[in-house]
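Here the protein sequences line up with chains B and U, keeping their order. Just so we're on the same page, our numbering is the position in the first sequence counted from 1, plus 2. Just so we're on the same page, our numbering is the position in the second sequence counted from 1, plus 24. Beta carbons: idealized from backbone N, C-alpha and C, even for Gly. In this text, all values refer to a predicted model and were calculated from it rather than measured experimentally. The next block holds one structure in the form of structure tokens; read it before the comments.
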Amino acid sequence: MTESNDKKIQRRQFLARVGKAGVSIAAAGFITCKLYDKQGPKAGVDIGSLVTLPDFSVPDKPGQVISIVKGASRVKAVNKAIELLGGIKRFINEGEAVAIKPNVAFASPPMLGATANPELVAEVVRLCYKAGARQVIVTDNPINDPSSCFKLSGIGKAASNAGAEVILPRPNLFKHTMLTRGKLIKNWPIFYGPFARADKLIGIAPIKHHHRAGASMSMKNWYGLLGGRRNIFHQDINTIIAELAMMVKPTLVILDATQVMMTNGPTGGSVKDLRWANTMIASCDMLAADAYGCTLLDLKVSDLPYLIKAQNAGAGTTDYESLKPIFATVS
Amino acid sequence: MEPNRYRAGHLESAISFCLLALLFILAVGVVVKQADYDMSRFGIYIEKTGAGEFSVMRVSAFVPAGFETLSRTEIYIPGNLYEKINGKAPLYIESGFEKLYTQRFVSKGNDSLWMELFVYDMANVKNAFSVYSVQKRADVELLPNMLFAYQTANSLYFVHGRFYIEIVGSAETPELYKAMTDIARKFISDVAIDKAMQIEELTLFPRENLVTGSSKLYLRSTFGFEGLNNTFVARYILDGHIITAFFSKRSDGQDAQKVAKNYYNFLIENGGRAKPIANEDLRRLQIKVVDFYGTTEFVFAIGPFVAGAHEAESQYSAERMAVMLINSLSKAVNND
Numbered sequence: 003m004t005e006s007n008d009k010k011i012q013r014r015q016f017l018a019r020v021g022k023a024g025v026s027i028a029a030a031g032f033i034t035c036k037l038y039d040k041q042g043p044k045a046g047v048d049i050g051s052l053v054t055l056p057d058f059s060v061p062d063k064p065g066q067v068i069s070i071v072k073g074a075s076r077v078k079a080v081n082k083a084i085e086l087l088g089g090i091k092r093f094i095n096e097g098e099a100v101a102i103k104p105n106v107a108f109a110s111p112p113m114l115g116a117t118a119n120p121e122l123v124a125e126v127v128r129l130c131y132k133a134g135a136r137q138v139i140v141t142d143n144p145i146n147d148p149s150s151c152f153k154l155s156g157i158g159k160a161a162s163n164a165g166a167e168v169i170l171p172r173p174n175l176f177k178h179t180m181l182t183r184g185k186l187i188k189n190w191p192i193f194y195g196p197f198a199r200a201d202k203l204i205g206i207a208p209i210k211h212h213h214r215a216g217a218s219m220s221m222k223n224w225y226g227l228l229g230g231r232r233n234i235f236h237q238d239i240n241t242i243i244a245e246l247a248m249m250v251k252p253t254l255v256i257l258d259a260t261q262v263m264m265t266n267g268p269t270g271g272s273v274k275d276l277r278w279a280n281t282m283i284a285s286c287d288m289l290a291a292d293a294y295g296c297t298l299l300d301l302k303v304s305d306l307p308y309l310i311k312a313q314n315a316g317a318g319t320t321d322y323e324s325l326k327p328i329f330a331t332v333s
Numbered sequence: 025m026e027p028n029r030y031r032a033g034h035l036e037s038a039i040s041f042c043l044l045a046l047l048f049i050l051a052v053g054v055v056v057k058q059a060d061y062d063m064s065r066f067g068i069y070i071e072k073t074g075a076g077e078f079s080v081m082r083v084s085a086f087v088p089a090g091f092e093t094l095s096r097t098e099i100y101i102p103g104n105l106y107e108k109i110n111g112k113a114p115l116y117i118e119s120g121f122e123k124l125y126t127q128r129f130v131s132k133g134n135d136s137l138w139m140e141l142f143v144y145d146m147a148n149v150k151n152a153f154s155v156y157s158v159q160k161r162a163d164v165e166l167l168p169n170m171l172f173a174y175q176t177a178n179s180l181y182f183v184h185g186r187f188y189i190e191i192v193g194s195a196e197t198p199e200l201y202k203a204m205t206d207i208a209r210k211f212i213s214d215v216a217i218d219k220a221m222q223i224e225e226l227t228l229f230p231r232e233n234l235v236t237g238s239s240k241l242y243l244r245s246t247f248g249f250e251g252l253n254n255t256f257v258a259r260y261i262l263d264g265h266i267i268t269a270f271f272s273k274r275s276d277g278q279d280a281q282k283v284a285k286n287y288y289n290f291l292i293e294n295g296g297r298a299k300p301i302a303n304e305d306l307r308r309l310q311i312k313v314v315d316f317y318g319t320t321e322f323v324f325a326i327g328p329f330v331a332g333a334h335e336a337e338s339q340y341s342a343e344r345m346a347v348m349l350i351n352s353l354s355k356a357v358n359n360d
């Protein structure tokens, strides 16, 4: 071969290599363009995909806003408490779907009072069916593992035996919400699915000391609707509880003070933490319920800043006496 | 004749080797980094054993006779402790919490009888004692032969070295209680700890009239005052009155004086009124007395200690307490 042929071969090879390299670069560039996100990660959620919890409240009836019943039997006390407010049919219409949101936060046995009492939950389910509800859902987004919480608290079994559908949280049941006047609940995921198909909402909560908030009662119960890394809200616990009270408008709240967790809340752990108060509170104004409830913890309204914040935001009144609570006793 | 194959030049070969070497180094770096990743940052827990570490497996091994494990072992770190104990998490985290191991056990014969073991690794015995003491229930039965331990009808609580342990039962039954004590016994015998279980400072409290088992350690804000941290408190009954005595060892005498003065100012700013002291000896020592909404508060500094009495029902009893404290702390100062 002559030298010029060698050069031609080298040139041919060079061109072939350049060609191959060019194709590789073009392919890589094409894939890159396809994967390239010009806008970058979105700062929030599309406004169109935000949801708002329905307003589950029923029309006011002056003089029948809050009832306080003394008695050791939860079943008798809750029946009396609801009866005093006009009976279950005031709240539940025939054919309606009812969501009950008890406090199922912990995988804790019923006797420790860290979660709603299963017997009480079951009775409220039965009352809803008695009023003609077509479906009753019992649900919560617990702090601990949901399956363990519903099982070990006894609430899962009690609710199912009473005919309720127990719904555990799943990712696809969460949607983002924005509280218009809120500072914290902005584009935040909430446990929405079970409530979207409900006509009425009943909250059931025990009264507990809470290391961070001071007390955990009916308003704090709605913490179970928050998704995501909700523990960050503990840094501004009073504001988040007030915003929960703004966000959720339930039909009725039941505050169980048969046994009150006086210390070491919210988890407790010893029967020594509990005190028998033998009181059941039913209320259409959860702020008023909590304002009365805190007295059973030997606290005043002023000891719980979130009560005042919620009142200032228009979520109800701490002056439960102005609502003329109805008192009764059951044996 | 075959065409000549193209042979790369020296420069081209050198560049190629450099690129390959760079790629190799990158690959080695990735492998090294991935092999030693702190998975706990992503909520993934890896069992570690070794000096100072507590094996996950051993927690489930505490299963008592007649019981079996009900769930898998759970492990929590400061970043996610909230997911187990919610609003109580700050109490532990602010007290030096490192790790929590939990394990549930259920009776083989009765699945309604179950209990949960909580093992809090608090890094040292003082931290463990602090969370134990500030949560201790009133009027409980102290466990004999154990330094810091008590029981209630359904639960057991104790300190073992750096660990604070709770065993919480689902019911109040002898079977569950026996199982809890078996777990506690096994834990104490199997888990090696530093010999220093004693907390020296507790011996500084005068023994006379001390309510047994009433001592506590507040690592942060004591009596609502942020400047009073690492404070030991204990209850006394003097002349039929309950008094809480307290002391905190500061870095030196100057710091003790400063903290004493600041705490006194805190009491006055929050509605307290200065009161004269009846006891002449105490007056000479410049002890401050405050009437705080009907109760008496004492505060003073002695050597590196700031000390006093809190919510005393009677000033006379509070002065007696102050004298007892001064005598005890003076001995400690002289021995140092």
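CB contact flag (residue 288/U, residue 312/U, <7 Å): yes
Which residue comes first and which comes last in the beta strand (DSSP E) that contains residue 221/B? Per DSSP, residue 221/B belongs to no beta strand (DSSP E) and is neither H nor E.
Sequence-distant residues of its chain with Cβ nearer than 7 Å to residue 145/B (five each side left out): Excluding residues up to 5 positions away in sequence, 107 and 108 lie with their Cβ nearer than 7 Å to the Cβ of residue 145/B in the same chain.
Are the C-beta of residue 210/B and some C-beta of chain U separated by less than 7 Å? no
Secondary structure at residue 137/B, three-state DSSP: helix, strand or coil? strand
For residue 72/U, which residues in the same chain have their Cβ closer than 7 Å to its Cβ, ignoring the five residues on either side in sequence? Legend: pLDDT at residue 72/U = 40, less than 50; position of this residue unreliable, value from coordinates given subsequently. If we look at residue 72/U and ignore the five residues flanking it on each side, it has no Cβ neighbours.
Look at the alpha carbon of residue 318/U and the alpha carbon of residue 300/U, and state the distance between them as a whole number of angstroms. 15 Å
Can you pull the DSSP bridge partners for residue 255/U? The partner list for residue 255/U (beta bridge, DSSP) reads 242/U.
By DSSP's criteria, residue 52/B is part of a beta bridge. Which residues make up the other side? Answer is none; residue 52/B lacks a bridge partner.
Please state whether the Cβ-Cβ distance between residue 193/B and residue 176/B is less than 7 Å. yes
Strand pairing of residue 333/U, partner residues [DSSP]: 269/U and 322/U
CB of residue 124/B within 7 Å of CB of residue 332/B, strictly: No. Outside cutoff.
C-alpha gap between residue 180/U and residue 292/U, whole angstroms: 41 Å
Applying the 10 Å Cβ sphere with the 16-neighbour rule, what's the burial state of residue 286/B? Buried, by the Cβ-count rule.
From the DSSP output, read off the bridge partner residues of residue 308/B. In DSSP, residue 308/B forms no bridge with anything.
Exposure of residue 68/U, with buried meaning 16 or more beta-carbon neighbours within 10 Å: With a pLDDT of only 39 at residue 68/U, under the threshold of 50, the placement of this residue in the model should not be trusted; the figure read from the coordinates follows. Of the residues assessed, residue 68/U falls on the exposed side of the cut-off, its CB having fewer than 16 other CB atoms within 10 angstroms.
List the endpoints of the continuous beta strand (DSSP E) containing residue 167/B. 167–169
Give me the Cα-Cα distance between residue 274/U and residue 329/U, rounded to the nearest whole angstrom. 6 Å
Return helix, strand or coil for residue 205/U, following the three-state DSSP convention. helix
Is the shortest distance between the beta-carbon of residue 273/B and the beta-carbons of chain U less than 7 Å? yes
Collapsed DSSP secondary structure at residue 69/B in the structure displayed: Strand at residue 69/B.
Please name the residues in the stretch 95–112 of chain B whose beta-carbon is closer than 9 Å to at least one beta-carbon of chain U, in chain order. Result list: 107, 108, 109, 110, 111 and 112.
If you follow the alpha helix (DSSP H) that residue 188/U is part of, which residue opens it and which one closes it? That residue, residue 188/U, is in no alpha helix (DSSP H); its beta strand (DSSP E) goes 187–193.
Touching or not, the stretch 190–210 of chain U and the stretch 223–232 of chain U, by the rule of three or more beta carbon pairs under 8 Å? no
Please list the terminal residues of the continuous beta strand (DSSP E) segment that includes residue 123/U. Counting along the chain, the unbroken beta strand (DSSP E) around residue 123/U starts and ends at 123–131.
Give the secondary structure of residue 261/B by DSSP, where H, G and I count as helix, E and B as strand, and everything else as coil. strand
Distance, Cα to Cα, residue 315/B vs residue 353/U? 53 Å
Between which two residues does the alpha helix (DSSP H) carrying residue 55/U extend? 34–59
Tell me, to the nearest whole angstrom, how far the beta carbon of residue 149/U is from that of residue 185/U; I am working on the premise that it is less than 8 Å. 6 Å
Quick check: is the beta carbon of residue 69/U nearer than 7 Å to any beta carbon in chain B? At residue 69/U, the pLDDT of 41 sits below 50, so the modelled position is not reliable and the matter cannot be decided from this model.
Any Cβ of chain U within less than 7 Å of the Cβ of residue 213/B? Flagged as an interface residue toward chain U: residue 213/B, by a C-beta distance shorter than 7 Å.
Sub-7 Å separation of residue 109/U and residue 123/U beta-carbons: The Cβ atoms of residue 109/U and residue 123/U lie no closer than 7 Å to each other.
Residue 177/B lies in the beta strand (DSSP E); which residues open and close that run? 176–179 is the extent of the beta strand (DSSP E) around residue 177/B.
Residue-chain proximity (residue 189/U, chain B), Cβ-Cβ < 7 Å: no
Looking at residue 213/B and residue 112/U, is the spacing between their C-beta atoms short of 7 Å? For the 7 Å CB-CB criterion, residue 112/U and residue 213/B form a contact.
With a cut-off of 8 Å, do at least 3 Cβ pairs link the stretch 164–180 of chain B to the stretch 65–85 of chain B? no
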